[in-house]
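A.B. asks: One structure, pasted below without further comment.
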Amino acid sequence: MVEKLFSHTYTLNPYTYTINLLSTNKIHNIYTTIKLTNMKRLLFIILSLAFFQGYAQKKKPVSISGSAGITYEGYGLSRNPTGFTGYQPRRPWNQVRFNFMPTIKFSQHFSLPMNFNFAAFPTNFAGPYAGIKKQNIGQLLTNPMNNFGLNPTYKWAEFQLGTQYLKYSDLSTGDIGIFGAGFSLKPGDYRFKFFTGTSQQGLDYAATPLPGIPGAYKRTHYMFSIGKERENDYLVAFNFAKGKDNPSSALIPVLPGSPLPQEGFTLSMQVNKDFKKGWYIKSEGANSIFTKNENDTANPTMKGFKPFIEAKMSSVSDYAAQLSFGKKSKNFDIGLGTKYLGAGFQVTGYPYMQPDRFEYTLNTRFNAMKNKTNVVASIGQRINNVNNSSIRAKQFIGNLNWFTQFNDKFSLNVNFNNFGFNTAGNTTLGYPSIKNVSNDIGVNPTYTWSNKTMSNTLSFSYNYSNYTETFSLPTPGTQQNNTHTALLSYIPVYFNKKISPDFSALYFYNDASLAKITFATLSAGLAVPVAKDKLKLRGQLQYTLGKLNSFTPNNNFIASCNVDYKLNKKLTWTNYLTTNYYKYGNELGTTLTGANYLESTVRTGLQVRF
Amino acid sequence: MAGYYKMNIMKNKILIAFFLLFNTAANAQLTTNLVLNARPPATLTEWSLIRGTITYVISNLQSGPRKAKIKVTIKATDGTEVSTTDLNRARTIIIPDGNSILNAATVFPLEIQRFTGKYQNSLNRTGKLPADSYQFCVELVEEASFAPLAPPQCRSFSVAGLQLPILMMPANEQGLDIKKAQTAIMFRWTPLVPKPSTVVNYRLQVFEILSNQQPVQALRSNQPILDKIIIGQTQFIWQPQGILGFEMEKSQDSLIQRKGWDGTIKGTGKRFIWTIQTLDAVQNPIGIDANYEGRSEPIWFSIN
């Protein structure tokens, strides 16, 4: 039974505009009220920007450019038979997103770029706000899904206000959005940077409703950099980054896996130099002190870095370094890159960085045969267990991509990728050896021909992938996995017509010991502008027949389309609709034979460029 | 992480029950027993956070409470001393009548342990002992003279820091052909090392990187478009089923999406970030990363 996906009820009064969005999925039924005072404000801003720009143009030198918009996205999923949970929703049922990114230029030297991107409903699944449903103003401002940033810039002085994603260097800080204030000053060749703010507010632990909220402590960051730089010549910089949790900012019980209040301090030094004829060298060395639990007592055996950080019993202090050098030119590049991360190297600015590894990569690129041949290749190795705190494992990585344009009609692309993973294990400690090797090779010839009215491109692609897993425990064994993919695509281009179709057919076969998977896909697309190019229509149909082992086939049908209507030179109404119907064969068992689902997404929005 | 050690905890409980039963007939005034997880967490500060890492049972059969201190000695397999308790700083415990069960927080507080040379260096740098086998001994001593009150109890254990999986395919910043990707995308990663004796679950998550989002920002804020638990295997074939958009989709949204947060072109199509969360048999994260999420360093790919 296909359920009704969602329905919208609109109620209007002089002060608020309420949308009742009802999804009929019983588990995720959402009754959401959006007080669209904010939406009205944003629409007012969007519409007034056109006026403001006209005004700005008259009162030179003030000018404004950028974009703004509002987008609604609705998602629906109906599953049959009732109670079938084999397919889970993969988008929020309803979401409204706003973006407002103007740059106001007051004079040649003074500009004010803004970056406001935010959403109506939190959808955090990973990180500090995982599971949050209701957020206070502080949490809204620091939620990674929202940006509220201003960067007023006068000559060499840039002030950074609100949400900023600042990358000082690869080993100090760079992955985290912080809501705060700071500056970046570049007088002459000198560089001074400072920023402080909050990346996450305190969030109490909650066991229910499931899946619960793990909780988070309020984290405050401080970062500072001083250096000297001349573009395309050299850079010398010292970077300091500190992140500190406030242990009293959240109520989180001490449970296995619960967040602990942490503190980290990192000091790094960068030296880069560009030489003549394209030669270059880049380097950075860093030392971090990271405390896993601020509640621990002081560690008398370890030097901290007072007053920035005091060593605690759970503190670790380790080093990291990276070095790359090589040569770049129009037709030839070569470079060697190395990176070392000690087992205890942890920084708050890169929360997912995996330590305890040493890796090196040799990269090259060259053009030959009057630029008709292009080759890109790399080879490298990654080794973990730098401090003998774990079992050593090695990975080998090699890639090659070779493209040749033989003539105006025929080109050929060949690629080869290999990675190997090998750990000898430890028989004394009872850990097994593991060896995984992946080899992928692809061949892709393309033939193009044309006449007076059209050109035709026919492309074929074949990929073979082999993945072998070898292990010693519980009993020595090897698992082989072979995958074949063949794709044929045809794209005609008409010189005198505005329609742009494309067609493709794909065959995929995966052969593993317990799973033989086959997919056969046919797809066709069409793009056509109408109404004097004001309305752009694009659509695609895709059908896939899938088969697992000897079960009866699964069928998948997808239809998607874009409808973009240019309301005037600056304002565009964008629409996207897609529906995905999937019907299983009998692979789920007799009770679920023929189980199916219908998944739909609709996205509509107004975008203004000014 | 807790579930990873739950089998050992169950074993420990049975041993403790036997011990308590046995002691009811014992004559000694103070008897002790030690149950130690043979493969405790590699990070020593986690021992006190994980229930069942150390269980030390004291039976006081004389009338009246006793005062004592706990001395812990760790030795390498060749007999080299790794650590011993600074008894002058050790806390005096009061042992009441009957049976007392003490855990790692009481028996093995790190702040009063003195580690020798290279072991102290290893602890300061990594928080872990070097991967090896060790002997762990616990002894009850007089609070003032440090004279033994009960024979030492010794157990062996081995440590080896776990290495979370490293994501291999699609590689970081790799561009995938949309014609192939819209039917199937192959994900591959390295296994958790060393391989535990219990089942490892790999939770594969893929997040769409929306316009003006940085990759890690998308991971920390968006609903995953793929959230799949793969038991033991290190590869998965995903049918995206329309989630990638399509070749001719060049709406205003996707135009923005082709630009990175800093305005530079990051790819010609939509971008996605993916990661593996490593879970134990009862779906608890094997929390050996700084976030205690057991999440591997994420990487992103684009659709061309």
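Note that the protein sequences, when read in sequence, are chains F and S. With the numbering used here applied, the first sequence covers 720 to 1329. With the numbering used here applied, the second sequence covers 4 to 307. The beta carbon of each residue, even a glycine, is placed where N, CA and C say it ideally should be. Since we're looking at a predicted model, the values are computed, not measured.
1. For my contact list, R206 of chain S and Q280 of chain S are in at a C-beta cut-off of 8 angstroms; report their separation, rounded to the angstrom.
2. Can you tell me the Cβ-Cβ gap for D1159 of chain F and N1201 of chain F, rounded? I've got them flagged as a contact below 8 angstroms.
3. Let me know if F898 of chain F comes out buried or exposed under the rule of 16 or more other beta-carbons within 10 Å of its beta-carbon.
4. Do Q185 of chain S and Q1261 of chain F have their C-beta atoms closer together than 8 angstroms?
5. Can you tell me whether DSSP reads Q123 of chain S as helix, strand or coil?
6. Under three-state DSSP, which class holds A5 of chain S?
7. Less than 8 angstroms between the beta carbons of T1293 of chain F and D1283 of chain F, yes or no?
8. Applying the criterion that 16 or more other CB atoms from any shown protein chain within 10 Å of the CB defines a buried residue, is H828 of chain F buried or exposed?
9. For the stretch 159 to 213 of chain S, which segments carrying the beta strand (DSSP E) assignment without a break, of at least 3 residues, lie completely within its bounds, in sequence order?
10. Using a Cβ-Cβ distance under 8 angstroms, would L1225 of chain F count as near chain S?
11. Sort out for me which residues DSSP pairs A1087 of chain F with in a bridge.
12. Given a limit of 9 angstroms on CB to CB distance, which residues of the stretch 864 to 879 of chain F reach chain S?
13. Note down the Cα distance separating E1306 of chain F from G235 of chain S, rounded to an integer number of angstroms.
14. Are the C-beta of V1035 of chain F and some C-beta of chain S separated by less than 8 angstroms?
15. Across which residues does DSSP place V990 of chain F in a beta bridge pair?
16. With a threshold of 8 angstroms between beta carbons, is S161 of chain S in contact with chain F?
17. Leaving out five residues on either side along the sequence, give the residues of the same chain with a beta carbon under 6 angstroms from the beta carbon of S786 of chain F.
18. Please report the distance separating the alpha-carbon of I971 of chain F from that of G1244 of chain F.
19. Please return the same chain residues whose Cβ sits closer than 6 angstroms to the Cβ of T1067 of chain F, not counting the five positions on each side in sequence.
20. Should the stretch 1148 to 1166 of chain F be regarded as contacting the stretch 188 to 198 of chain S, the criterion being three or more beta carbon pairs within less than 8 angstroms?
21. Rank F:R1084, F:F1140 and F:P1070 by C-alpha distance to the C-alpha of N1050 of chain F and give the top, closest one.
22. Interface residues of chain F around V110 of chain S at Cβ under 9 angstroms?
23. Am I right that N866 of chain F and F825 of chain F are in contact with their C-beta atoms under 8 angstroms? What's the rounded C-beta distance?
24. Are the C-beta atoms of I1153 of chain F and some chain S residue less than 8 angstroms apart?
25. Please go through the same chain and pick out, in chain order, the residues whose beta-carbon is closer than 8 angstroms to the beta-carbon of T34 of chain S, but skip the five residues on each side of it.
26. Return the first residue and the last residue of the beta strand (DSSP E) that T882 of chain F is part of.
27. Report yes if the CB atom of Q919 of chain F is closer than 8 angstroms to the CB atom of P847 of chain F, and no otherwise.
28. Beta carbons nearer than 7 angstroms to chain F: which residues of the stretch 120 to 142 of chain S have them?
29. Can you list, in chain order, the residues of its chain with a C-beta nearer than 8 angstroms to that of F803 of chain F? Leave out the 5 residues immediately preceding and following it.
30. Can you give me the start and stop residues for the beta strand (DSSP E) that Q1198 of chain F sits inside?
31. According to DSSP, is G1099 of chain F helix, strand or coil?
32. Listing by chain order, which chain S residues have their CB less than 7 angstroms from the CB of R798 of chain F?
33. Taking a contact to mean a Cβ-Cβ separation below 8 angstroms, would you say S1208 of chain F touches F1222 of chain F in this structure?
34. Quick check on the DSSP output: the alpha helix (DSSP H) that includes T1312 of chain F runs from which residue to which?
35. Quick one: which unbroken beta strand (DSSP E) runs of 3-plus residues sit fully inside the stretch 794 to 859 of chain F? Chain order, please.
36. Can you pull the chain F residues whose beta carbon is under 9 angstroms from the beta carbon of L113 of chain S, in chain order?
C.D. replies: Taking the structure as given:
1. 4 angstroms
2. The Cβ separation is near 11 angstroms, so there is no contact.
3. buried
4. yes
5. helix
6. Residue placement at A5 of chain S cannot be trusted, given a pLDDT of 43 that sits under 50; what the coordinates show is reported in the next sentence. It is coil, neither helix nor strand.
7. yes
8. exposed
9. 170 to 172, 177 to 179, 188 to 192 and 204 to 212
10. yes
11. F:T1092
12. M864, N865 and N866
13. 21 angstroms
14. yes
15. F:V955 and F:S1002
16. yes
17. M820 and R1328
18. 52 angstroms
19. G962 and G983
20. yes
21. F:R1084
22. Chain F residues near V110 of chain S: none, gap ~15 angstroms exceeds 9 angstroms.
23. Contact doesn't hold; Cβ gap of about 23 angstroms is too wide.
24. yes
25. N26, I61, S62, L64 and A153
26. A876 to Y884
27. yes
28. Q123, S125, N127, R128, T129, G130, K131, P133, A134 and S136
29. L1311, A1314 and Y1316
30. G1196 to Y1213
31. strand
32. Residues of chain S passing the Cβ test: none, with the nearest at roughly 14 angstroms.
33. yes
34. Neither: T1312 of chain F is in no alpha helix (DSSP H) and is coded neither H nor E.
35. 813 to 824 and 829 to 838
36. D1015, T1016, N1018, M1032 and S1033
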